[in-house]
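Asks: Here it is, the structure in full.
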Amino acid sequence: MELRVEERATSDIRVCNHLSRFFSARKTLAGGKRKRKPKPNPDPAFDFLHPHTNIMPPAATGASSSATSSTMASSKASASAVEEIAKSASEPPKHTSFSSIGISPMLIRSLASLQIKVPTPIQSLTIPPVLEGRDLVGGAQTGSGKTLCFALPILNRLIKDMVGGFAVILTPTRELGVQLHEQFVAVGEGARMGLRCALVLGGMDMMKQASELASMRPHVIVATPGRLVDHLRSGGGEEWGLRRCRFLVLDEADRLLTDTFKPELDYLYSVLPSPKTLQTLLFTATLTPEVEEFAKSKRPEGKLAPMVCKIEMDTKTPETLEQRYVFVPSHIREPYLYHIMRHPPIKPSSERVRKLKAKREAERERRAENDRKKGKRPRAHHGSDSEDSDDEGAGLFLPATIIFTARCKTAATLSGMLSELGIPNVSLHSHLRQSERSDNLQAFRAQRVPVLIATDVGSRGLDIPDVEMVVNWDLPSAWQDYVHRVGRTARNGKRGFAISFITERDIDVVHSIEAKINTKLTELEGIEDEDKILEKLNTVATAKRVATMAMHDAKFGERQQRNYEKKLAKQKADKRAAKAACKDNPSA
């Protein structure tokens, strides 16, 4: 009891220490004037090509119906490319079916079985030039159908000639790799073309992967760069090698073209066929300077400069999305999160509640049957099935919620804390083993748990349907990341709710985001009684401490730290070896 009182006193002192900054910042947030940045002038290097009005508009993900395509010129070859684009600009594409853009009837039948019948704007813009053999940069928002932009041309070519190692698809995250692999397999099986598609990800048994690659001789390899390089350096690539590779695809290219993946990409470029014969495709939701640099890069003689096709990303968020903020000192966010989880501002859909009640009833019947077989008395059922009940099981009736954090450690801590507090949840971050990541993501997708706590690995690319609420525990510094996160909900005209925790350090960031999305966040209602919320401060603090101790006992993050140190030591050794080689052979 003395310990709990002492903890409460310490917590109250912390709260008091933050009050002056807290209320000062609250005034700024409520009444501060925002300076809107002028819109940048369009890059004259881009030549705009608008899609035909008959093309199906993008799904309600915030993308505008206007599309642009451009070629960046830097040589005689690129000059001819500009002429080609100018010619196309006067005759916009009129692709309202996959047959009109040259896709095989086998693939069209497969797409129809998947209820995909009309190309989206980004598909209409990118598939024809890819089929013509052009290098290409495609930019469009998440959910616009970018995967088929490269999957269909690759499969279209494979139907004519089933060549092993024909295409390499690189992705920055394992979860996105699994999703891409599933989509290739689904379309390939529907076409009955005998497609062999391999999934090469870290976190899995490398020896088993090597054996499968050698026996399978895949046509398409979906991989994370690090694990693919590991296989090639170990000599396994001699049996299923990339000598005949004709397609290199970088999905989420803005994340791949960073210093994190540079060593692996440099190695892959060195072992892949010449750029003269290799068709390189980059797809991204954000055209970063690194992506644009690729578009401007010098091409081999006789090869046209990469075509840049993009659907203009509308900075507006969906109209059906309600955006709120909770403004609290950074050290007392946890009780507010617990309060929001117990009293969510949006109710779960009736269909979701119906399914969950059916699952709960089936579980009770299963337990009762087991009790009868063992000769036990049936267990009494306590509590209510109402989503507002305060029993532990009430968490199952939460709306489908994703809580985004900036760090893996934060995600793990919040997950453990909420579990201690009776809120069913799973986490998704890079410190989990691959089997855990896959199981957790599947549990959330299948609605077995209502809450997913994730780093930005879950903000883009992944297909997670029917998310009803998004919580930004850590506010992202870039407005694009904010749009990607809240874009997980309010899809296809459905209602969605986004809550952002704003601390005394986030004032400028939230003003910048509001200016970009042209929407002012409003304060969340129902949290006015701060005294009532802070009554749970000790309970929540205890749960957080238990979670932290469990992470310490499990040696959280030690494996990643060892791997990082090994990687750093190897890079230093490689640099020393390279310097020694230069000294031994100065003319090299």
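Quick note: the sequence shown uses the numbering used here, first residue 57, plus one each step.
Positions of the beta carbon are idealized from the N, C-alpha and C atoms, including for glycine.
1. Within this structure, are the beta carbons of PRO274 and ALA254 separated by less than 8 Å?
2. Measuring straight from C-alpha to C-alpha, what distance separates GLY118 and PRO374?
3. Determine the direct distance from the alpha carbon of GLU245 to that of LEU393, and round the result to whole angstroms.
4. For a test of the three-state rule: what should DSSP assign to GLN536, helix, strand or coil?
5. Decide if CYS365 is buried, meaning its Cβ has at least 16 other Cβ atoms within 10 Å, or exposed.
6. For chain B, is any of its Cβ atoms less than 8 Å away from the one on ASP217?
7. One question on the structure: do ARG516 and THR314 come within less than 8 Å of each other, judged by their Cβ atoms?
8. Determine the burial state of MET473: buried for a count of at least 16 other Cβ atoms within 10 Å of its Cβ, exposed for fewer.
9. So, helix, strand or coil for GLY431, using DSSP?
10. On the three-state DSSP scale, how would you describe THR652?
11. Could you tell me the alpha carbon to alpha carbon distance between GLU584 and GLU368, rounded to whole angstroms?
12. Using a 10 Å radius around the Cβ and a threshold of 16 neighbouring Cβ atoms, would you call GLU320 buried or exposed?
13. Buried or exposed: where does TYR538 fall if 16 or more other Cβ atoms within 10 Å of its Cβ makes it buried?
14. Does the distance from the C-beta atom of GLY201 to that of PRO184 stay below 8 Å?
15. With a Cβ-Cβ cutoff of 8 Å, do THR469 and THR598 count as a contact?
16. Cα-Cα, which of LEU204, ALA629 and ASN619 is closest to GLY282?
17. Under a three-way DSSP split, which group does GLN503 fall into?
18. Which stretch, first to last residue, makes up the alpha helix (DSSP H) that contains ALA625?
19. So what's LYS366 in DSSP terms, helix, strand or just coil?
20. Any idea what DSSP makes of THR466, helix, strand or coil?
21. Shortest alpha-carbon distance to ARG463 belongs to which of ARG355, PHE612, GLU591 and VAL347?
22. By how many angstroms is the C-alpha of LYS318 removed from the C-alpha of GLN617?
23. Taking ALA196 as the reference, give the member of PHE557, GLN627, PRO356 and THR176 with the closest Cα.
24. What does the alpha-carbon distance come out to for the pair THR342 and ARG299?
25. Quick one: what's GLY221 bridged to in DSSP?
26. Can you list the beta strand (DSSP E) stretches of 3 or more residues lying completely in the stretch 195 to 272, in chain order?
27. Return helix, strand or coil for ASP562, following the three-state DSSP convention.
28. With burial defined as no fewer than 16 other Cβ atoms inside 10 Å of the residue's Cβ, what is the status of ASP495: buried or exposed?
29. DSSP on VAL174, reduced to helix/strand/coil?
30. Tell me the residue span of the alpha helix (DSSP H) that contains LEU377.
31. Give every residue of the same chain whose Cβ lies closer than 7 Å to the Cβ of THR336, excluding the five residues on either side of it in the sequence, and list them in chain order.
32. Determine the direct distance from the alpha carbon of THR280 to that of ARG289, and round the result to whole angstroms.
33. When you compare only the Cα positions, how much space is there between LYS626 and TYR323?
Replies: Taking the structure as given:
1. yes
2. Below a pLDDT of 50, predicted positions are generally treated as unreliable, and GLY118, at 39, falls in that range; the measurement from the model is reported next regardless. Near 6 Å, if we compare the C-alpha coordinates of PRO374 and GLY118.
3. 44 Å
4. helix
5. buried
6. The structure shown contains no chain B; it is built from a single protein chain.
7. no
8. buried
9. coil
10. There is no way to answer for residue 652, as the model of the chain reaches only from 57 to 644.
11. 40 Å
12. buried
13. buried
14. no
15. no
16. ASN619
17. coil
18. 614 to 640
19. strand
20. helix
21. PHE612
22. 20 Å
23. THR176
24. 31 Å
25. According to DSSP, which records beta bridges pairwise, GLY221 is partnered with nothing at all.
26. 223 to 226 and 253 to 256
27. coil
28. exposed
29. coil
30. From DSSP, LEU377 is part of no alpha helix (DSSP H) but of the beta strand (DSSP E) over 377 to 383.
31. ASP191 and LEU304
32. 15 Å
33. 14 Å
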